[in-house]
Amino acid sequence: KLAAAPADTELTPTLLGPNKIPLPSKSLNDRVALVRGDITSLAVDAIVNAANRSLLGGGGVDGAIHRAAGPELYEECKTLGGCQTGSAKITDAYNLPSKKIVHAVGPVYDPLGHDKSERLLTGCYLKSLELAAENNCRTIAFSGISTGVYGYPSRDAAPAALSAIRHFLTGEKGDKIDKVVIVTFERKDVDAYDEFIPHYFPPV
Ligand code: AR6
């Protein structure tokens, strides 16, 4: 269960998020968890990587995942033909304790095209959840997508991510996922999720 929300969880229009989802719903609280640490150590069904369009590895969490999964991951990624921004593809997880890796390609944040960036980021979360559900992955852990090298501000990325997760869990295929783990690494992301989670997933 998540920590209790501050008393003043009054909703403002900005907290409706990109999908204009009515908030809040107490019943979803135990379906989402927030942890800080290394996503490569998690024994969930699927972990979500913040990849680039080549899907052939890079720095940040992508580099950490490729190092920990081993060279077979790179070999499988080579067969995928890359991936569009705002979408995702799934692979095996090789030496990782998870069963699958979803490789999501977030947008490079564009402050002059905020709405487009948000649509693409939301697309990453929805497609990742869809792929997990299709592959019988009932537990999924997300690293931050676009909030590192790609420059997406954490205070904008967190509500977009939470809105998309909530949208999926309340939708048609929502019952195919038992638990969504949000993995934070840096303080700025911890702070953003601490602030926004109580609005999207209020405590029971
Ligand atoms: N473990 C867990 N989380 C991490 C780690 C780690 N080792 N390192 C960073 N994060 P980023 P992006 C968090 O830069 O912004 C790669 O080169 C970090 O705090 O990994 O989507 C890809 O190949 C941040 O919140 O991904 C692409 O070229 C989040 O992971 C590009 O970077 C995402 O930061 C993608 O950039």
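The UniProt record's numbering numbers the first residue of the sequence shown as 20 and each following residue consecutively.
Beta carbons are placed, not taken as given, at the ideal position from N, Cα and C, and that holds for glycine.
Spatial neighbours of residue i within its chain, please: C-beta separation below 7 Å, excluding the five flanking residues on both sides.
i      : result
Glu205 : none
Ser73  : Gly101
Ala209 : Going by the sequence as given, residue 209 is Val instead of Ala. These residues qualify, in order along the chain: Arg55, Thr203.
His85  : Gly76, Leu92, Tyr93
May I ask which residues mark the beginning and end of the beta strand (DSSP E) holding residue i?
i      : result
Phe187 : No beta strand (DSSP E) contains Phe187, which is instead part of the alpha helix (DSSP H) from 173-188.
Asp197 : Segment: none, Asp197 is in no beta strand (DSSP E) and carries neither H nor E.
Thr158 : 158-161
Ala52  : 51-55
Val121 : 119-124
Val168 : Looking at the DSSP string, Val168 is not in any beta strand (DSSP E), and its letter there is neither H nor E.
Ile66  : 65-70
I want to check one thing, is the minimum distance from the CB of residue i to the heavy atoms of the ligand AR6 below 7 Å?
i           : result
residue 236 : The structure shown does not extend to residue 236, since the chain is modelled only from 20 to 223, so the question has no answer here.
Phe161      : no
Glu214      : no
Glu95       : no
Thr104      : no
Phe204      : yes
residue 9   : With the chain covering 20 to 223 only, the question about residue 9 has no answer from this structure.
Thr166      : yes
Asp111      : no
Ala69       : yes
Ile66       : no
Asp210      : no
Val80       : yes
Leaving out five residues on either side along the sequence, give the residues of the same chain with a beta carbon under 6 Å from the beta carbon of residue i.
i      : result
Gly167 : Gly79
Ala183 : Thr141, Tyr144, Leu145
Please identify the residue among the options whose C-alpha is closest to the C-alpha of residue i.
i      : options                        : result
Val54  : Pro130, Val200, Phe187, Asp64  : Val200
Leu181 : Lys207, Thr158, Lys195, Ala211 : Ala211
Ile196 : Tyr219, Pro172, Thr158, Val202 : Thr158
Leu150 : Val51, Leu92, Ala65            : Ala65
Ile216 : Arg174, Glu153, Gly132, Ala62  : Arg174
Gly132 : Lys192, Tyr171, Gly190         : Tyr171
Glu137 : Tyr113, Cys156, Ala179, Lys97  : Ala179
Do residue i and residue j have their C-beta atoms closer together than 8 Å?
i      : j      : result
Ala88  : Gly163 : no
Thr110 : Lys118 : no
Ala83  : Leu140 : no
Ser60  : Pro116 : yes
Residue range of the alpha helix (DSSP H) that residue i falls in?
i          : result
Ala87      : 79-88
residue 16 : Residue 16 falls outside the range modelled here, since the chain spans only 20 to 223, and no answer is possible.
In its own chain, which residues sit with a C-beta less than 8 Å from the C-beta of residue i, not counting the 5 before and 5 after it?
i      : result
Ser106 : Ala123, Val124, Gly142, Cys143, Lys146
Tyr169 : Ala69, Gly125, Pro126, Val127, Tyr128
Lys135 : Pro126, Asp129
Glu191 : none
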